[in-house]
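Take a look at the structure below.
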Amino acid sequence: MIKLCELRDIPEQEGIGIQTNAGEVVVLQRDGQVYAYKNYCPHLGIDLNFQPDVFVDLDGKFIQCSNHGALFQVEDGLCIHGPCLGKSLQPVSVRVVDGTVWMTAADTSV
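Residues 56 to 165 (the working numbering) make up the sequence shown, in order.
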């Protein structure tokens, strides 16, 4: 497993970007659950964010692509609004152990 961050580093209802050897991972927290996705928009094949650690819409409900405004559900990465409707972000498997967020070995090729 690869250490990504401490759980306390992820603000509730927000996300952070973490650079790995295989690319950037977006890690988000919702109601104590942690979700992670490759930082890659399925529509244009570019990073989701323009600014560091800005991955959610103004209400903090959805992951938002800064380029074209597509909205993705945090829980499963499904696009519910925008030009990539019905497509999904690429999930990254993570585990939280003693307050530390780890990327599992299966996803080290992100």
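Think of the CB as a built atom: it goes at the ideal place given N, C-alpha and C, for glycine as much as any other residue.
Check: residue i C-beta below 7 Å from any heavy atom of the ligand FAD
{"i": "V151", "result": "Judged by which ligands are present, the structure shown has none, so any question about the ligand FAD falls away."}
Any C-beta of chain B under 8 Å from that of residue i
{"i": "C120", "result": "No chain B appears in this structure, which consists of one protein chain only."}
Residues of its chain near residue i, where Cβ-Cβ distance is below 6 Å and the 5 sequence neighbours each way are ignored
{"i": "D131", "result": "none"}
Sub-8 Å separation of residue i and residue j beta-carbons
{"i": "L103", "j": "V81", "result": "yes"}
Residue i, buried or exposed, once every other Cβ within 10 Å from all chains shown has been counted against 16
{"i": "Q74", "result": "exposed"}
{"i": "V147", "result": "buried"}
{"i": "P97", "result": "buried"}
{"i": "L113", "result": "exposed"}
Residue range of the beta strand (DSSP E) that includes residue i
{"i": "F105", "result": "No beta strand (DSSP E) contains F105, which DSSP labels as neither H nor E."}
{"i": "A125", "result": "No beta strand (DSSP E) contains A125, which DSSP labels as neither H nor E."}
{"i": "E61", "result": "57-61"}
DSSP state of residue i mapped onto helix, strand, coil
{"i": "L140", "result": "coil"}
{"i": "L99", "result": "coil"}
{"i": "L83", "result": "strand"}
Contacts around residue i, its chain only, beta-carbon distance under 7 Å, and the 5 residues preceding and following it disregarded
{"i": "I57", "result": "T75, W157, M158, T163"}
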